[in-house]
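Novice: Residues in the sequence shown are numbered consecutively from 593, following our numbering. For each residue, glycine too, the CB sits at the ideal point set by N, CA and C. Quick one: structure below, then a few questions.
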Amino acid sequence: MATMDPTDDEISQVIDFANLDPHQDRTLVIQALKNCSRNVEAVVMEYFDDAAAFRQKYNNKWNEGFFQGDRETVDNRTGISFHLESLEHSESVPSATPPREAYASGAPSRPPSRSNDKSPLGRIVEWQAGDIGPAPNFQGPEEDEMQRALRESAQQAGITLEHHDSTATQSTQQEPFFGPATRTDYDKADWSMVPVGTSNTWAAAEHKASARKRAEGAPAVLVQGNGVHGNHALGGLLTILHEIPLARNTLLDCGSPAETYGFASDWWNGREILPAETPLQNSEAAWQDMPQKAVFEEELHRLMAFLDSTERSYGTVSVLHSLIPYASFDTEKQFYEYLDQRNSEKLDPLFQTASPAHVHSDEIEDEIARFGLLEFDLRRDAYHDVTTLYEAIDHLMWNDALSWDNFDDTTKMAVITSTGDVMAIKIGGDGPAESIEIPANFYPERWLASRKDEARRIQAACVLTKRQMAAVALKGKAENQWLNDWGQLKHTRRDTLEQGIAQWNVYGEYLEGAGRLETMRACQFDTDRFPDYHAAPATMNIDCTVKRKKVDEVLKAAEKSMSELDEHIEHYTKQMEALQAKQRFLGQLLTNPNKTGRAKPMTCKQYSLRGIATDVNVVFVCQRAEIDLIDLEGEGSTGDQWWKLSYSGDTVGTVNAEKLDIQQVLTHVWKLTKTPTLIYATEAALSATPKPLSAPLDRFARADNKAFRQELNQEVMMETEQEMETTRGMMVDPISPSKRKHRDDSADSLDTNRASIGTDGVNAFEDPFADQTQGPGIAAGELPPNYSEAQGPTLDRTPEEPLTPPPALPPRPDGFFDEPHAEQNGSEPTSSSVPAAPEMQVREGASIFSSRPSQPGIGGIAEATLDMDLSKP
């Protein structure tokens, strides 16, 4: 190490390259240059490798790490922050593990507390738990370094890059720690409030893994995820397309297969996986020119592989949504357009083409419109004349004739020139007030270019029918409507007649009451004669008689007018119903291929409904059943099963899978949304052979499943530990005598009552728990032999299913107090490669609280790490 102080030029170079503070970080840079023999390049590279470690190494700050590690400098989660040493390192206590050669200066020693005393049963729980902490982070250090470099480059370019966090993985952000002040001045924002980390992850990651497990037989579903502005049906669209083999193969063919698809344990929850070939540039121009073509297709590949074999019930499309330009508006349409821009030559099965043409001409214009999603945007009032999906598409393809009531030489129409095997249709706009009929089988024959002549005649009949309907509606409106003297206020004739009849009836009742009053006066209100005056006859004079006659004439005329009005309304209603039936008939032309007597048979493809996606995280998807080779009639048969997959949201975070039939699907969908997205496919698309996944993509899918199994195993282990902790707390004798927790380093431990050596007749150097496993004995401080296997399963090995929690107190086997020897079991003793023993562990004799697990190898439940060599093909 050079002793000469670095020059100002060398210090400035490091500060400029690393973008450090020239005042506050100057001492830090000087110390680093001294340590690296004034090599500027080495200092800069060390800083970019790990900025946090660089500052911690060369900053004279209080090191909180000494309070967080055990005697082997491993992260200490037990809460014990002291260390006991013997008087001299050379003194050897028989039952103590020899200490390390030297210790860094840590916290001062103090007597141990009995509150953390662990019984032998507790140590078994520790072996089983394996220092359970946050879920293991399956991403490699290269990914952390890459993301750090990208964020630093973005910061220099003035670009704010969204930070992805997850509760399923540990954050790479340096945790704050406290210590003595080393500066003269501090930024108030750094110490006034200590941040504990952002919480921008989706609430689904906080739910139990078992609640996110896919139901047996049900397909997985893709939901919107976090960070999405507005609702969309992109996840449901991809879920349905995946169930169509040809559509799945087409999406997998988009782009080029990647050599590696990376991995992140919370990718399913919205964590972005950056491509391995992303360049690390510092300039703004280089940042904007960063190639992102592979990102979109690779994410699409991951989603298809995820839906292939995932054990999770759902994943998110938030990452794919963020890669689509202008995805906040018409997300599904933008997805198809962006996909076509990048992979147009591979998307023929998913796309259709159409061209404009004049209605009264046989020529078709050269302009070609290519679309994967057929979306019609109708106003709510336009749906009054629309009852079926065919009629709604008519308003899109024949817009001039049907929407503008224009049918002359300038009228245009659209004809379909080619169709793919998969067709997506979205009901846009406001949607119908109630519902429209969605056909289970769809035929686009009426819009084909070969049917242009029939389409012209259908349009002419539709226009004529609409005009007749408008005329009938106008007559009916005029017949049932009256205007006031100023022609402003409108009153229906029926309402006016009903109000008039009610008023004249009241006037007639008044005259009747006046006549009864005269009768009561004439008899001097004799109640014996007329106990109820309402029963008294009416005695009317000449004037009242004339008025009563007038009332009867008015009521009779009003009733006659009401009857005539009803007849007229009924007549117009019948006319309107006949015209509507004609319109329904026109809407059904060229939609039934089995109709007899047709001069020219239908030539279009037959499409069957395969799914309906909504923007409320509910998907209706049809799953093609496996071929039944053992049929009673000797013929294989296929069947379709409809599923309703409903994501319950952030409050529960589970997917409810429900089996339905096609009629239930067509009824339930309108209760959820008025703008569904429909997916149709041909039989050729459904019978296509699914393309196998590439090796890197298959490795990615299997790695995600292993990560999910790890979450399931961790959940089981945590529940088991809680149960055993509760059981152990109930077993402890509250009046047991006090004793020291650790006596290994005590000078009098061998001179008193041989407490450190143990019970008479038991060798203190043998492990009393060796006979709990079928393998060799477990020495003090070691873990079970199968612990290393649980820590490192490879991708080629099928992990075990989550184990059920073992009983809290299994029966104690015979020979517990005998001296265990591995040789007696027919196995050779082996030494574990796991780190050394927990600090200050005592070898004691048999305890009355000792317990045996009913199954050997209780510590082998968890899969702590994963073979993540995903870059190899």
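(1) Does the structure place the segment 1232-1250 close enough to the segment 978-990 that three or more beta carbon pairs sit under 8 Å?
(2) In this structure, does DSSP put R1108 in helix, strand or coil?
(3) Hey, out of T980, S1042, D1001, A1047, whose CA is closest to I1019's CA?
(4) Can you name the start and end residues of the beta strand (DSSP E) that G1179 belongs to?
(5) Does the Cβ-Cβ distance between T842 and L814 come in under 7 Å?
(6) Hey, how far is the Cα of T1165 from the Cα of N1072?
(7) Taking C-beta to C-beta, are A1130 and G1107 nearer than 7 Å?
(8) Are there 16 or more other CB atoms within 10 angstroms of the CB of I1134, so buried, or fewer, so exposed?
(9) Is it a yes or a no for the segment 1170-1181 touching the segment 1199-1213, going by three-plus beta-carbon pairs under 8 Å?
(10) What span of residues does the beta strand (DSSP E) with A1006 cover, start to end?
(11) Would DSSP call P1185 helix, strand or coil?
(12) For D608, does the three-state DSSP call read helix, strand or coil?
(13) Taking the CB atoms as reference points, tell me whether D1013 and L838 lie closer together than 7 Å.
(14) Take R692 and list the residues in its own chain whose beta-carbon comes closer than 6 Å to its own, dropping the five residues that flank it on each side.
(15) Closest to E967 by C-alpha separation, out of A993, Y928, R934, would be which residue?
(16) Check whether the segment 1042-1050 and the segment 1289-1302 touch, using three or more Cβ-Cβ pairs below 8 Å as the test.
(17) Between G1245 and K800, what straight-line distance do the alpha-carbon atoms span, to the nearest angstrom?
(18) If you draw a straight line from the C-alpha of H1163 to the C-alpha of I1093, how long is it?
(19) Using DSSP with H/G/I as helix, E/B as strand and the rest coil, what is Y1466?
(20) For E1169 and D1253, I'd like the C-alpha separation in whole angstroms.
(21) Please confirm whether W1235 and A1249 have their CB atoms less than 7 Å apart.
(22) Relative to the C-alpha of P1185, which residue among V951, V1055, N1033, N631 is closest?
(23) Can you tell me whether E835 is helix, strand or coil according to DSSP?
(24) CA-CA distance, F855 and I865?
(25) Evaluate I960 with the Cβ neighbour count: other Cβ atoms within 10 Å of its Cβ, from every protein chain shown; 16 or more gives buried, anything less gives exposed.
(26) If we count the other Cβ atoms within 10 Å of its Cβ and call it buried at 16 or more, is H1125 buried or exposed?
(27) Since C1214 sits in a beta bridge, which residues does DSSP pair it with?
(28) In or out: E889 buried (at least 16 other Cβ within 10 Å) or exposed?
(29) Is the beta carbon of Y853 sitting closer than 7 Å to the one on L1270?
(30) To the nearest angstrom, report how far apart L1278 and K1197 are at their CA atoms.
(31) Is the number of C-beta pairs between the segment 984-1004 and the segment 929-941 that are closer than 8 Å three or more?
(32) DSSP on D597, reduced to helix/strand/coil?
(33) For K1148 and N1097, I'd like the C-alpha separation in whole angstroms.
(34) Using beta-carbon positions only, say whether Y1035 and T1183 come within less than 7 Å of one another.
(35) How many Å lie between P1377 and R1301 at the Cα?
(36) Check whether the Cβ atoms of Q535 and E835 sit closer than 7 Å, and answer yes or no.
Specialist: Let's see:
(1) no
(2) helix
(3) T980
(4) G1179 -> not in any beta strand (DSSP E); alpha helix (DSSP H) instead, spanning 1134-1179.
(5) No. Outside cutoff.
(6) 12 Å
(7) yes
(8) exposed
(9) no
(10) Taken as a continuous stretch (DSSP letters only), the beta strand (DSSP E) holding A1006 covers 1004-1010.
(11) coil
(12) DSSP places D608 in helix when its eight states are reduced to three.
(13) Taking 7 Å as the Cβ cut-off, D1013 and L838 qualify as a contacting pair.
(14) Below a pLDDT of 50, predicted positions are generally treated as unreliable, and R692, at 45, falls in that range; no measurement from the model is reported.
(15) Y928
(16) The segment 1042-1050, when compared against the segment 1289-1302, does not touch it at the 8 Å Cβ threshold.
(17) Answer to the nearest angstrom: the Cα atoms are 9 Å apart.
(18) 24 Å
(19) Nothing can be reported for residue 1466: it is not among the residues displayed for the chain, which extend from 593 to 1465.
(20) 32 Å
(21) yes
(22) N1033
(23) In the structure shown, E835 falls within a coil segment according to DSSP collapsed to helix, strand and coil.
(24) 7 Å
(25) exposed
(26) Rather than His, the amino acid found at residue 1125 in this sequence is Tyr. The residue in question, Y1125, is exposed, as its Cβ has fewer than 16 Cβ neighbours within 10 Å.
(27) W1234
(28) With 16 or more neighbouring CB atoms inside 10 Å of its own CB, E889 falls in the buried class.
(29) No.
(30) Put simply, the backbone Cα of L1278 is about 13 Å away from that of K1197.
(31) no
(32) coil
(33) 11 Å
(34) yes
(35) Confidence is the limiting factor: at P1377 the pLDDT is only 38, short of 50, which leaves the residue's position unreliable, though a coordinate-based value still follows. Distance from the CA atom of P1377 to the CA atom of R1301, rounded to whole angstroms, is 22 Å.
(36) It is not possible to answer for residue 535, since the shown part of the chain is limited to 593 through 1465.
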